[in-house]
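Undergrad: Protein sequences, first through last, are from chains Z and C.
Residue numbers for the first sequence follow this note's numbering, beginning at 1 and rising by one.
Residue numbers for the second sequence follow this note's numbering, beginning at 1 and rising by one.
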Amino acid sequence: MTEIALQATDLKVIRGNKTVLSGMSFQVMQGEVFALLGGNGAGKSTTLLAFMGLLDVVDGRAEVLGQSAAEDAVAVRSKIAYLPESAALYEHLNAIENLTYFLSLSQARPDAKALHSALESVNLPKDSWTQPLKSYSKGMRQKTAIALALLRETPVLLLDEPTSGLDPAAVEDFHKIVEKLASIGVTVLMVTHDLYGACQVAHRVGLLRAGQLVDVFEADEDGAIDIAAIRDLFLQQQAA
Amino acid sequence: MNLSYRLQQEFEFLLKSKAIISVLLLLLAIAGVSVVLGLNYVDQERQQIAELIQLDAEERAYKRTLAVDYGGAAYDAFHAVWNEPSELAFAAIGQRDLNPTMMRIRALALEGQIYETDSVNPELALTGRFDYSFVAAYLLPLVIIFLFYDLIAAEREGGRLSLLEVTAQNSRSLWIPRIFLRLLSVLLAMLIPLWFGIIVEGTAIGIALQASFAIALQIILWSTLVLLVATRPNFRSETVASISIGVWVVLTLVVPITGKVYIESMVPGIKGAEVSLVQREAVNDAWDLPISDTMDAFYASHPEWSDSPPITGVWHWKWYYAFQQVGDETAAELSRGYRETMIERDQITANIAWISPAVAIQRKLEGLAETNLDASLAFEDQVRSYHEQIRRAYYPVLFREVPFSNERLAQIEISDFSPTQELGDD
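(1) Do Gly53/Z and Ala69/Z come within 8 Å of each other at the CB atom, strictly closer than that value?
(2) Kindly indicate the opening and closing residues of the beta strand (DSSP E) around Gly367/C.
(3) List, in chain order, every chain C residue whose beta-carbon is nearer than 9 Å to that of Leu93/Z.
(4) What does the alpha-carbon distance come out to for the pair Pro100/C and Glu380/C?
(5) Just verifying my parser: in three-state terms, what is the DSSP assignment at Val35/C?
(6) Identify, in the order they occur along the chain, each residue of the same chain with its Cβ nearer than 8 Å to the Cβ of Arg231/Z, setting aside the five sequence neighbours on each side.
(7) May I have the straight-line CA-CA distance separating Ser119/C from Gln279/C, to the nearest angstrom?
(8) Taking C-beta pairs closer than 7 Å, name the residues in chain C that Tyr82/Z reaches, listed in chain order.
(9) When Cβ atoms are compared, which residues of the region 166-197 of chain C fall closer than 8 Å to chain Z?
(10) Under 7 Å between beta-carbons, which chain Z residues line up against Ile6/C? List them in chain order, please.
(11) By Cβ distance below 8 Å, which residues in the same chain neighbour Leu66/C in space, the five residues on each side in sequence not counted?
(12) Going by alpha carbons, who is nearest to Ala211/C out of Leu191/C, Asp293/C and Ile263/C?
(13) Relative to chain C, which residues along the region 52-74 of chain Z have a C-beta separation below 7 Å, given in chain order?
(14) Using only the alpha-carbon positions, how far apart do Leu409/C and Arg96/C sit?
(15) For Leu233/Z, which residues in the same chain have their Cβ closer than 8 Å to its Cβ, ignoring the five residues on either side in sequence?
(16) Could you tell me which of Leu334/C, Phe130/C, Lys18/C and Phe298/C sits nearest to Tyr395/C, measuring between CA atoms?
(17) Skipping 5 residues on each side, what residues in its chain have a beta carbon closer than 6 Å to that of Leu14/C?
(18) Counting only runs of 3+ residues fully inside the region 106-189 of chain C, write out the beta strand (DSSP E) ranges in chain order.
(19) By Cβ distance below 8 Å, which residues in the same chain neighbour Val359/C in space, the five residues on each side in sequence not counted?
(20) I'd like to check one pair, Val35/C with Phe196/C: are the Cβ atoms closer than 8 Å?
(21) Quick check on this structure: which residue in Val33/C, Ser133/C, Phe78/C and Ile199/C has the alpha carbon closest to the alpha carbon of Ile414/C?
(22) Quick one: any contact between the region 25-32 of chain Z and the region 163-177 of chain Z, if contact means 3 or more CB pairs under 8 Å?
(23) Is Glu218/Z helix, strand or coil by DSSP?
(24) State yes or no: is the beta carbon of Ser128/Z nearer than 8 Å to at least one beta carbon in chain C?
(25) Counting contacts by CB-CB distance shorter than 8 Å, is Gln30/Z in contact with chain C?
(26) Determine the DSSP secondary structure at Ser415/C, reduced to helix, strand or coil.
(27) Tell me, to the nearest whole angstrom, how far the beta carbon of Thr46/Z is from that of Val20/Z; I am working on the premise that it is less than 8 Å.
(28) Going along the chain, which residues of the region 135-150 of chain Z sit with their C-beta nearer than 7 Å to a C-beta in chain C?
(29) For Asp328/C versus Ala74/C, is the C-beta spacing smaller than 8 Å?
(30) Going by DSSP, what residue range makes up the alpha helix (DSSP H) through Glu91/Z?
(31) Would you call Arg141/Z buried or exposed, if buried means 16 or more other Cβ atoms sit within 10 Å of its Cβ?
(32) Per the DSSP calculation, Lys245/Z is bridged to which residue(s)?
(33) Glu370/C and Ser133/C - do their beta-carbons sit closer together than 8 Å?
(34) With a threshold of 8 Å, are at least 3 pairs of Cβ atoms found where one atom belongs to the region 162-173 of chain Z and the other to the region 96-114 of chain Z?
(35) Arg109/Z touches chain C at which residues, Cβ-Cβ below 8 Å?
(36) Does the beta-carbon of Ile20/C have 16 or more other beta-carbons within 10 angstroms, so that it is buried, or is it exposed?
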């Protein structure tokens, strides 16, 4: 039986004087890829932060595999790998050093083989592995961060604008990685501006506006999501 | 949590942070230079003391061969007195270059001899000396500010904070090893030079540990202050730096300077040179006074010599030494006042130390190094006692008017000054 991996229940978050999320609710099942689409300030990244227990929730709950992110952040974070929007790692370290350092934070001690395998799986050129990140393109940094998320081997993956800055080939590679992870039961919640990319990889797409989930679109039997319907609704919401 | 692996990774991370390593090496170098300069200073002082003792004895022996009367012999006989630098003096020179640490005194009026250096060291009093305690008081806090001001803000501004916190799961496992290693590295940068000096000097282990503990406390105090600001949510790194530097300016500059101004206004200072001047004027005036005025004043305070034969001529050595003694007695009240002023000022400074870590660490190190006011006053007490011994050695032959002979002069023995020897009270 498929279990609920992520559950937001009447989530309300206020940052500064602004209500960023106001009563948002949704569920993501284990092994499902759920994409949240929305414009700037819709509350996409805030939703991810709420699931990681990194901000105060005024009302409602954000749960990861049945545990409250607000009440048991440490346990929840052990089940989450996170890919931030800017993929900001340490510029003065190379890819191997970044991965080793970040993984040491989660008490993981990967061997060289695992590190190499992860970097190969994201197609980061081998000759760059020992170069400092300051010499990397944005796409190469993103790939390094994806490798880190993969190495965490967590049941839940939170992605913030994961394909931002990637070239089309890298986006394609990334989608394959996400599909592969979902196939082995990893739950993926991604927030993005990229309507087409989201529809390509997600099982369901939610449309966010002003801190509320406006609608959710599911893939049909062929796995396709009605892009036109989402686009129309999005434009309609923007105009309103 | 595999702590040793976590610390190993954090250590490697620290080693790759060029700016932090550069600053730590700079601190190590500056602290090292301060210790080497301090060691040279005390070594030079010890050499000067050894030289002083040797030359002083040689000159005194030679002068005795030329003596034709006791008064002249006493006049020409200088005696070296010195305040041996302690085994931690290299780290905190303190008052050693402000107050006299080695002198040559003779049976004349003492006050002028003691405060002679008071009028030649104002430039040292103004600037202070670059020593290890200066590094600990003023430079160390700046290094700590540099190490911690952007601890969290740099991660937030670099967009890594969320990733770090989620990956680490627990904030403590992220920050504690990082803070611990930075604290440890700055502690080592300060203690390695200090312990080099301690080993060279053979400093007592108890003193060495207390000095090390004081440095550790200084590091913990400043780290806590900076981290209190750095951990404020949403403070940018430049905000943390500005506030921390502001706190440094207040605690290390404004408070001590304001305290100094307060002390000078509340406890008006008598200067050592004034004591010296009063004593010298009293001595000089005595030349113009009737001899009986001086002798009466002298016998009033030293009745044991009042049965000395009256002076009939226009000159006698016992009159000369009497007005030297009366000169000291004239300045005695002022001298006591000067001492009390210094003690009162020192007590106020001790209170200021409660709100200025810079003042506190310097006072602590100077106390351990015996280079503080207490040590200076203790040395002054020893000098006064020793001077009294010199006077008492010559007074019997002067006031009893013993006929001069080299044999009798040879019987006047004054033991060499010993800073560690308990000297008798007046």
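C-beta atoms are modelled at their ideal positions from N, C-alpha and C, and glycine is treated no differently.
Keep in mind that this is a model prediction, so the values were computed, not measured.
TA: So, to answer that:
(1) Contact check for Ala69/Z against Gly53/Z passes: the beta carbons are separated by less than 8 Å.
(2) Unbroken run through Gly367/C is the alpha helix (DSSP H), Pro357 to Ala369; no beta strand (DSSP E).
(3) In chain order: Phe13 and Lys16.
(4) Answer to the nearest angstrom: the Cα atoms are 9 Å apart.
(5) The three-state secondary structure of Val35/C, taken from DSSP, is helix.
(6) If we look at Arg231/Z and ignore the five residues flanking it on each side, its Cβ neighbours are Leu195.
(7) Note on Ser119/C: pLDDT 48, under 50, position unreliable in the model; the coordinate value appears next. Rounded to whole angstroms, Ser119/C to Gln279/C spans 15 Å at the Cα level.
(8) Result: Ser162, Leu163 and Val166.
(9) For the region 166-197 of chain C, the residues whose beta carbon sits under 8 Å from a beta carbon of chain Z are, in order, Val166, Thr167, Ala168, Gln169, Asn170, Ser173 and Leu174.
(10) Checking the sequence, you will find Arg at residue 6/C rather than Ile. Those are Ser104, listed as they occur along chain Z.
(11) If the five residues before and after Leu66/C are omitted, its C-beta is found closer than 8 Å to the C-beta atoms of Asp76, all from its own chain and listed in chain order.
(12) Nearest option by C-alpha distance: Leu191/C.
(13) For the region 52-74 of chain Z, the beta-carbon criterion of a distance under 7 Å to any beta-carbon of chain C is satisfied by Met52, Leu54 and Val74.
(14) Rounded to the nearest whole angstrom, the CA to CA distance from Leu409/C to Arg96/C is 36 Å.
(15) Excluding sequence neighbours, Leu233/Z sits near Leu207, Val214 and Asp215.
(16) The candidate whose alpha carbon is nearest that of Tyr395/C is Phe298/C.
(17) Cβ within range, chain order: Leu181.
(18) Complete beta strand (DSSP E) runs here, min 3: none at all.
(19) Scanning its chain for C-beta atoms nearer than 8 Å, with the 5 sequence neighbours on each side dropped, one finds around Val359/C the residues Ala137, Val255, Pro256, Gly259, Thr349, Ile352 and Ala353, in chain order.
(20) Closer than 8 Å, so yes.
(21) Ranking Val33/C, Ser133/C, Phe78/C and Ile199/C by Cα distance to Ile414/C puts Phe78/C first.
(22) Cβ pair count under 8 Å is below three, so no.
(23) Glu218/Z: strand per DSSP, three-state reduction.
(24) It does not: the Cβ of Ser128/Z has no partner Cβ on chain C nearer than 8 Å.
(25) For Gln30/Z, the answer is no, since every Cβ of chain C falls outside 8 Å of its Cβ.
(26) Reduced to three states, the DSSP call for Ser415/C is coil.
(27) Taking 8 Å as the upper bound for CB-CB distance, Thr46/Z and Val20/Z are in contact here, some 5 Å apart.
(28) Listed by position along the chain: nothing, the set is empty.
(29) The answer is no: Cβ separation not under 8 Å.
(30) Run containing Glu91/Z: none; DSSP gives neither H nor E here.
(31) With 16 or more other Cβ atoms inside 10 Å of its own Cβ, Arg141/Z counts as buried.
(32) Given a span of 1 to 240 for chain Z in the structure shown, any question on residue 245/Z remains unanswerable.
(33) Not in contact: Ser133/C and Glu370/C (Cβ atoms no closer than 8 Å).
(34) Too few Cβ pairs lie closer than 8 Å, so no.
(35) Ordered by position in chain C, the residues that pass the 8 Å Cβ test against Arg109/Z are Asn2 and Tyr5.
(36) Here Ile20/C is buried. Its C-beta has 16 or more other C-beta atoms within 10 Å.
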